[in-house]
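Data first, discussion second: the structure below is written as structure tokens.
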Amino acid sequence: MYIPCSISNNRSRIRITWSTTEVVSTESIGVSYDPSLAIDTVGNIHIAWQDYSDYLGSGISWDIFYKRWDDSSSLWTTTEYVS
Numbered sequence: 001m002y003i004p005c006s007i008s009n010n011r012s013r014i015r016i017t018w019s020t021t022e023v024v025s026t027e028s029i030g031v032s033y034d035p036s037l038a039i040d041t042v043g044n045i046h047i048a049w050q051d052y053s054d055y056l057g058s059g060i061s062w063d064i065f066y067k068r069w070d071d072s073s074s075l076w077t078t079t080e081y082v083s
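Take the sequence shown: its letter number 61 is residue 61 in UniProt numbering, and every next letter is one higher.
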């Protein structure tokens, strides 16, 4: 049985309510998992994850993606295909 999975995100600043959940991984129809998350000293969120989709048709089913939340603009950067 195939169950699609996505990477999603919520944000909160101290003493402020949580944001609504938003899907971060919109690049494929495959299963996204094993996210790694880091927050740098200026509040940017860095996330990398695996995706089972053969994104570029290379014949390798597992792909790695990276995306960053830019705290100054309050926007996600364009997703980068890592490998």
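Glycine residues also receive a C-beta, built at the ideal position from the N, C-alpha and C atoms.
All of these numbers come straight from a predicted model, not from anything done at the bench.
Any idea if residue i is buried or exposed, counting beta-carbon neighbours within 10 angstroms, 16 or more meaning buried?
{"i": "residue 106", "result": "Absent from the structure is residue 106, since the part of the chain shown begins at 1 and ends at 83."}
{"i": "S74", "result": "exposed"}
{"i": "I39", "result": "exposed"}
{"i": "G19", "result": "In the sequence as presented, Gly is not what sits at residue 19; that position holds Ser. So S19 ends up on the exposed side."}
{"i": "S83", "result": "exposed"}
Please state if the CB of residue j and the CB of residue i are separated by a distance shorter than 8 angstroms.
{"i": "I60", "j": "D51", "result": "no"}
{"i": "L65", "j": "S25", "result": "Reading off the sequence, residue 65 comes out as Phe, not Leu. Cβ distance < 8 angstroms, so F65 and S25 count as in contact."}
{"i": "N44", "j": "D70", "result": "yes"}
Quickly, what does DSSP pair residue i with across the bridge? List them, please.
{"i": "W69", "result": "I45 and W76"}
Look up residue i in the DSSP assignment and say whether it is helix, strand or coil.
{"i": "E27", "result": "coil"}
Task: Ordered list of beta strand (DSSP E) runs contained in the region 29-62, each at least 3 residues - done: 31-39 and 45-52
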